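Enquirer: Before I ask anything, let me first share the structure, which is written out below as structure tokens.
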Amino acid sequence: MSKKFIVTLEGLEKLKQDLEVLKTTRRREVADKIAEALKFGDLSENAEYHDAKDEQAALEGKILQLESQIKNAQVVEKVAGDNTVQVGCKVSLEDLKEKDKVEYEIVGSMEANVFDNKISNESPLGKSMIGKKKGDTVEFKAPGGEMSYKILKVS
18 MSKKFIVTLE
28 GLEKLKQDLE
38 VLKTTRRREV
48 ADKIAEALKF
58 GDLSENAEYH
68 DAKDEQAALE
78 GKILQLESQI
88 KNAQVVEKVA
98 GDNTVQVGCK
108 VSLEDLKEKD
118 KVEYEIVGSM
128 EANVFDNKIS
138 NESPLGKSMI
148 GKKKGDTVEF
158 KAPGGEMSYK
168 ILKVS
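Mapped onto the working numbering, the consecutive letters of the sequence shown carry residue numbers 18 to 172.
This is the structure:
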């Protein structure tokens, strides 16, 4: 049995869009590169051809990976009116040591992207917040040491 991947509905839609781009635009671009490289003649010493074929293999691998992730996606949606932290929630936090405030969205591991403030439910911080409520304190071990946050808001 394949591993199920936790994903939000928004994350699943993004995966489907990415797959569509790879299957249409990117496949066409790589096919064009291969066709262009074939014009250079002898394939045994044609670096452009071999590079394009390598790119094609990597692209097809990525397509297979995305298809598998979509097939095995377990979509989770936040339960309306439930103020506990769960996948799909946005959580406002205060670092109890530094007094900095930050907001994260809790997502499945496939969607996690720290640059977009999306953290995985499997990350140390994500794990420590699941099931908590506004006003609760969460503590966890990070590579930089022990961390403590207060949950200011769950939406």
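For glycine and all other residues, C-beta sits at the position ideal for the given N, C-alpha and C.
Small disclaimer: the values here were computed from a predicted structure and weren't measured.
Do you know whose CA, among 93, 47, 53 and 56, lies nearest residue 71's CA?
Expert: 47
Enquirer: Starting from residue 112, follow its DSSP beta bridges and name the residues at the other end.
Expert: Beta-bridge partners assigned by DSSP to residue 112: 166.
Enquirer: Should the region 134-142 be regarded as contacting the region 116-123, the criterion being three or more beta carbon pairs within less than 8 Å?
Expert: Three or more Cβ pairs closer than 8 Å define a contact, and the region 134-142 meets that threshold against the region 116-123.
Enquirer: Rounded to whole angstroms, what is the Cα-Cα separation between residue 23 and residue 85?
Expert: 13 Å
Enquirer: Rounding to the nearest angstrom, what Cα-Cα distance links residue 105 and residue 141 in this structure?
Expert: In this structure, the CA atom of residue 105 is about 17 Å from the CA atom of residue 141.
Enquirer: In the structure shown, what three-state DSSP assignment does residue 154 receive?
Expert: Residue state, collapsed to three classes: strand.
Enquirer: Comparing C-alpha positions only, which one of 78, 168 and 127 sits nearest to residue 116?
Expert: 168
Enquirer: Considering just the uninterrupted stretch of the beta strand (DSSP E) at residue 37, what are its terminal residues?
Expert: Note, residue 37: premise wrong, no beta strand (DSSP E); alpha helix (DSSP H) at 26-38.
Enquirer: My understanding is that residue 113 touches residue 165, with C-beta atoms under 8 Å, so please give their C-beta distance in whole angstroms.
Expert: 4 Å
Enquirer: Go to residue 80, then tell me how far its alpha helix (DSSP H) extends in each direction, as first and last residue.
Expert: 64-88
Enquirer: Distance check for residue 29 and residue 131, CA to CA, integer angstroms please.
Expert: 18 Å
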